[in-house]
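J.: Quick one: this structure, given as structure tokens, is what I'll be asking you about.
Protein chains in written order, with my numbering: chain A, 755 to 1045; chain B, 173 to 525.
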């Protein structure tokens, strides 16, 4: 990813356009509109779940979910994430921050009780994300792809006895993959499996814009990362300079009232994002092209 | 609430693959050993590594290589023949500058007596300090103080439009901005399309409906901006020196913008003030102009998405087709882009183009 510099005239034009009421975005999206996505699920044969999201500008993320049977007493967490961003070192601040955001979100907001197999054994999920290309801050892209991958993750059916408190027994699984179950299948009636997601919001003047593009990021006054789980905005909500690849001279403090506004907007529009993702999974067929 | 208003997620589309994978090898052999040695080639489109001709009389041009008395194509493109020179013009690829091209570029580096400019070529182009108009008039000598304050004229990140003056032996393009239609760009937004989609024409800056103008760089870099009022460019050689001064003062109030047309040499001298290097936008850009600019931005992206050649007429037709969408935000969806391009194609068919 090359360094992005806008000319002063471009910056001020963009800033003035985005501070209008309502903001006039360069691609004429409304303030709460995301860029269109292209997505595909369950295409990696060696993974329990997989998903891929691509944007029009060529940004692309692939997520694979793999599972392993572990002794739950020996594990600190049943979810482990790894993120690889092309062009960045794995130990760079950029990548470790992304990794922390995602790991932290999933470890605290995931129905891990359904990963428990017996009193001793559990499934551990390994979530591997590869960002092949990105222009804007990729956290939202990673998190939406992870949502799709987790929703389509299938775990093999346990055929051995669930109760192993008295008799030590290794769990055994049905060797028929058709019997495998989605994580959502383990849920009780009335519950739906909807993993948490992140969305990014740009703060500019009095406005909040969803899913800022890389040009917009260059002139933002601040950025917000909002997490959404269980049909409502949850913590953590953090602020960040989204223009990670350049100096953003507009960056400044955050007005508190905008945080409450961001939460209200998140509560209003994120259900639509989750619904769109769920609809895609329903319509996605095993066949068809993956590219 | 309609989900599509917030986000649209689609499945990837199956590639339409018309290429028959069962082409028999014997067919390929036929292509590679053309029986007739006449000057007609079997097909005008070739792929990399394809035999173009085994006749050694042809001179090898760009996009070809020569092995064992045979000429092969090194790119995917059209065969072009000029007398005995055989070259293959690539269908896609980086922009290849030619003298006289009107281009849009971004300064990447300020160096010794020159600026490096990104114009989408393999190597950055150069803009020599001697090839720009400096404040104080055309015929002014460039002094050492000009060299020291080059960043006050143009600095890293600045966008400008210019003309390709020459191509050096090493392939680097040299630019010039010695006309008032060239120079720093203001009052608008920048976008890129593949350079192969921009069709070369006599003029590359147009005024479009909706009070928007465009500089359609031959290199695929495009600048959309607010149209500048034409009243003062009506000035011509017949004006008296008094009115000329008056107009120069009007211009120095900040209404200058590049692309406003030809200006007589005397006015050029007077207008070459610091204003031409100003970074300040017009303070009165109405929201309707801003909205129209975003509409054109989406139309150009749609043309680029559907790989339609970009001309002034098509931009205007696309704009008219886009007016059917009251919610311009929906124009970024694939279906909308395809339907706009279909409208343009239908429109052209009806006009008999």
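Glycine residues also receive a C-beta, built at the ideal position from the N, C-alpha and C atoms.
#1: Comparing C-alpha positions only, which one of A:891, A:927, A:945 sits nearest to residue 983 (chain A)?
#2: What is the C-beta distance between residue 780 (chain A) and residue 399 (chain B), in whole angstroms, given that I count them as a contact (C-beta under 8 Å)?
#3: Interface residues of chain B around residue 957 (chain A) at Cβ under 9 Å?
#4: Identify every run of the alpha helix (DSSP H) within the region 320-346 of chain B, keeping only runs that are complete inside it and at least 4 residues long; order them along the chain.
#5: What's the call for residue 489 (chain B), buried or exposed, on a 16-neighbour Cβ count within 10 Å?
#6: Taking 9 Å as the CB-CB cut-off, is residue 506 (chain B) touching chain A?
#7: Judging by CA-CA distance, which residue of A:992, A:1000, A:1016 is the nearest neighbour of residue 855 (chain A)?
#8: Would a C-beta distance cut-off of 9 Å place residue 461 (chain B) and residue 383 (chain B) closer than the cut-off?
#9: Would DSSP call residue 990 (chain A) helix, strand or coil?
#10: Go ahead and label residue 974 (chain A) buried or exposed: buried means 16 or more other beta carbons lie within 10 angstroms of its beta carbon, across all protein chains shown.
#11: Can you confirm whether residue 763 (chain A), when its beta carbon is compared against all beta carbons of chain B, has any partner nearer than 9 Å?
#12: Are the C-beta of residue 184 (chain B) and some C-beta of chain A separated by less than 9 Å?
#13: My output table needs one value for residue 227 (chain B): the three-state DSSP class, helix, strand or coil.
#14: Express the C-alpha separation of residue 342 (chain B) and residue 253 (chain B) in angstroms, rounding to a whole number.
#15: Could you check whether the Cβ of residue 1034 (chain A) sits closer than 9 Å to any Cβ belonging to chain B?
#16: Considering just the uninterrupted stretch of the beta strand (DSSP E) at residue 806 (chain A), what are its terminal residues?
#17: If we require 4 or more residues per run, which alpha helix (DSSP H) segments fall completely within the region 877-912 of chain A?
#18: With respect to the beta strand (DSSP E) encompassing residue 944 (chain A), which residues constitute its N-terminal and C-terminal limits?
#19: Could one say the Cβ of residue 477 (chain B) lies closer than 9 Å to chain A's Cβ atoms, at least one of them?
#20: Using a Cβ-Cβ cutoff of 9 Å, what residues of the region 777-789 of chain A are near chain B? List them in chain order.
#21: Cutting at 8 Å between CB atoms, please list the residues of its own chain near residue 425 (chain B), excluding the five before and the five after it.
#22: Closest to residue 787 (chain A) by C-alpha separation, out of A:1027, A:1031, A:807, A:1038, would be which residue?
#23: What is the C-beta distance between residue 900 (chain A) and residue 758 (chain A), in whole angstroms, given that I count them as a contact (C-beta under 8 Å)?
#24: Using DSSP with H/G/I as helix, E/B as strand and the rest coil, what is residue 177 (chain B)?
#25: So, is the C-beta of residue 482 (chain B) closer than 9 Å to a C-beta in chain A?
#26: Name the residue from B:482, B:471, B:447 whose alpha carbon lies nearest to the alpha carbon of residue 388 (chain B).
#27: Mapping the DSSP letters down to three states, classify residue 825 (chain A) as helix, strand or coil.
#28: For the beta strand (DSSP E) containing residue 1032 (chain A), list its first residue and its last residue.
#29: Using the Cα positions of residue 484 (chain B) and residue 511 (chain B), report the straight-line distance between them to the nearest angstrom.
#30: In terms of DSSP beta bridges, what is residue 287 (chain B) paired with?
#31: What does the alpha-carbon distance come out to for the pair residue 936 (chain A) and residue 907 (chain A)?
#32: Just to check my reading of the structure: residue 776 (chain A) and residue 770 (chain A) have Cβ atoms closer than 8 Å, yes? What is that Cβ distance to the nearest angstrom?
#33: Does any residue of chain B bring its CB to less than 9 Å from the CB of residue 845 (chain A)?
#34: Count the other CB atoms within 10 Å of the CB of residue 521 (chain B); is the residue buried (16 or more) or exposed (fewer)?
#35: From A:793, A:761, A:1004, A:979, pick the residue whose C-alpha is nearest to that of residue 1014 (chain A); which is it?
#36: Ordered along the chain, which non-local residues of its own chain (more than five positions away) have a Cβ less than 6 Å from that of residue 183 (chain B)?
T.: Taking the geometry as given:
#1: Comparing Cα-Cα distances from residue 983 (chain A) to each of A:891, A:927, A:945, the minimum goes to A:945.
#2: Going by Cβ atoms, the distance from residue 780 (chain A) to residue 399 (chain B) rounds to 18 Å, so no, they are not a contact pair.
#3: Result: empty, since nearest Cβ-Cβ is about 19 Å, beyond 9 Å.
#4: Listed in chain order, the alpha helix (DSSP H) runs fully inside the region 320-346 of chain B are 322-325, counting runs of at least 4 residues.
#5: Result: buried.
#6: Residue 506 (chain B) belongs to the set of residues whose beta carbon lies under 9 Å from a beta carbon in chain A.
#7: Of A:992, A:1000, A:1016, the residue nearest in Cα terms is A:992.
#8: With respect to the 9 Å criterion, residue 461 (chain B) and residue 383 (chain B) are classified as neighbours on the basis of their beta carbons.
#9: Judged by DSSP in its simplified three-state form, residue 990 (chain A) adopts strand.
#10: Buried, because 16 or more other Cβ atoms sit within 10 Å of the Cβ of residue 974 (chain A).
#11: True, the Cβ-Cβ gap to chain B drops below 9 Å.
#12: Residue contact check for residue 184 (chain B) against chain A: a CB pair falls below 9 Å.
#13: In the displayed model, residue 227 (chain B) falls within coil according to three-state DSSP, outside both helix and strand.
#14: The alpha-carbon atoms of residue 253 (chain B) and residue 342 (chain B) are separated by roughly 24 Å.
#15: In terms of beta-carbon proximity, residue 1034 (chain A) lines the interface with chain B, with at least one pair separated by less than 9 Å.
#16: Per DSSP, residue 806 (chain A) belongs to the beta strand (DSSP E) from 803-809.
#17: As far as the region 877-912 of chain A is concerned, its whole alpha helix (DSSP H) runs of at least 4 residues are 893-905.
#18: From DSSP, residue 944 (chain A) is part of no beta strand (DSSP E); its letter is neither H nor E.
#19: Output row for residue 477 (chain B): interface = yes.
#20: Those residues of the region 777-789 of chain A that come within reach of chain B (Cβ to Cβ, closer than 9 Å) are 778, 779, 780, 781, 782, 783, 784, 786, 787, 788, 789.
#21: Summary for residue 425 (chain B): the model assigns pLDDT 44, below 50, so the residue's position carries little reliability; its value from the coordinates is reported in the next sentence. Here the set comprises nothing.
#22: The residue with the shortest Cα to Cα distance from residue 787 (chain A) is A:1027.
#23: That belief does not hold up - the Cβ atoms of residue 900 (chain A) and residue 758 (chain A) are roughly 26 Å apart, past 8 Å.
#24: Residue 177 (chain B) falls in the helix class under three-state DSSP.
#25: Answer no: the Cβ-Cβ gap between residue 482 (chain B) and chain A never drops below 9 Å.
#26: Answer by Cα proximity: B:482.
#27: Residue 825 (chain A) falls in the strand class under three-state DSSP.
#28: Residue range 1010-1037 is occupied by the alpha helix (DSSP H) that includes residue 1032 (chain A), with no beta strand (DSSP E) assigned at that position.
#29: One alpha carbon belongs to residue 484 (chain B), the other to residue 511 (chain B), and they sit about 19 Å apart.
#30: Per the DSSP secondary-structure output, residue 287 (chain B) pairs in a beta bridge with B:282, B:299.
#31: Rounded to whole angstroms, the separation of the alpha carbons of residue 907 (chain A) and residue 936 (chain A) is 6 Å.
#32: About 14 Å separates the Cβ atoms of residue 776 (chain A) and residue 770 (chain A), ruling out a contact at the 8 Å cut-off.
#33: No, residue 845 (chain A) lies away from the interface with chain B (no Cβ there is under 9 Å from its Cβ).
#34: Exposed.
#35: Considering only alpha carbons, the answer is A:979.
#36: Taken in chain order, the list of residues that qualify is empty.
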